[in-house]
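I have placed the structure first, in the form of structure tokens, so that the comments after it can refer back to it.
Numbering (my numbering), first residue to last: 208 to 366.
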């Protein structure tokens with residue numbers, strides 16, 4: 208039962224990463240472009256940033272559930288000293304989660320500053336910086352297929 212639940216969570220988490228990356232990238236690019244040409248904060252900007260916040264938070268919840276369900280992480284938590292010496296165990300037990308949580312915090316700070324901004328230009332700057340930083344951290348922390356020891360497939364398939 209646990210293996211099936213883990214596989215299903217991993218599939219959804221793997222699939223949702225593309226939605227998260229696309230939405231955060233869209234919010235970042237829209238705000239960066241708006242800084243140059245259209246400094247007012249429009250309903251489209253709010254819709255895109257709120258959608259990004261929603262999918263980022265959902266992805267975080269799935270990631271936390273996976274962290275507790277993962278047989279790799281469970282084994283690593285049993286002996287953290289040994290896990291810190293093994294790059295793959297350290298990545299999935301500590302580094303991936305820490306970097307992703309930092310990315311989520313950066314995105315939330317950017318959105319919070321945008322909501323309180325005095326004008327559209329400051330709101331766009333806050334989103335461009337916060338979401339941009341979050342995007343860079345997420346891309347760096349994803350176990351892409353081309354990463355030697357940490358590789359995960361482009362999409363983890365359901366059993």
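The C-beta atom is built at its ideal place from N, Cα and C for all residues, glycine as well.
Neighbourhood of residue i by C-beta distance below 6 angstroms, restricted to the same chain and skipping five residues each side
i	result
residue 338	231, 234, 235, 314 and 317
residue 306	344 and 348
residue 262	226, 227 and 230
residue 321	330, 333 and 334
residue 283	290, 296 and 300
Buried or exposed by the 16-neighbour rule on C-beta atoms within 10 Å, applied to residue i
i	result
residue 341	buried
residue 351	exposed
residue 353	exposed
residue 260	buried
residue 255	buried
residue 268	exposed
Through-space distance from residue j to residue i, alpha-carbon basis
i	j	result
residue 228	residue 289	33 angstroms
residue 248	residue 270	32 angstroms
residue 299	residue 309	15 angstroms
residue 250	residue 238	12 angstroms
residue 280	residue 246	45 angstroms
residue 244	residue 252	14 angstroms
residue 240	residue 264	25 angstroms
residue 286	residue 297	11 angstroms
residue 257	residue 346	20 angstroms
residue 311	residue 319	12 angstroms
residue 326	residue 278	48 angstroms
Contact set for residue i: own chain, Cβ-Cβ below 7 angstroms, skip 5 residues either direction
i	result
residue 349	224
residue 166	Here the chain has residues from 208 to 366 only, and residue 166 is not among them.
Own chain partners of residue i with C-beta closer than 8 angstroms, once the 5 adjacent residues on each side are dropped
i	result
residue 242	328, 331, 332 and 335
residue 276	209, 212, 213 and 216
residue 292	none
Distance between beta carbons of residue j and residue i, contact taken as under 8 angstroms
i	j	result
residue 220	residue 266	7 angstroms
residue 273	residue 222	With 8 angstroms as the limit, residue 273 and residue 222 do not qualify as a contact, their Cβ atoms being about 13 angstroms apart.
Below-8 angstroms beta-carbon distance, residue i vs any chain B residue
i	result
residue 333	The structure shown contains no chain B; it holds only a single protein chain.
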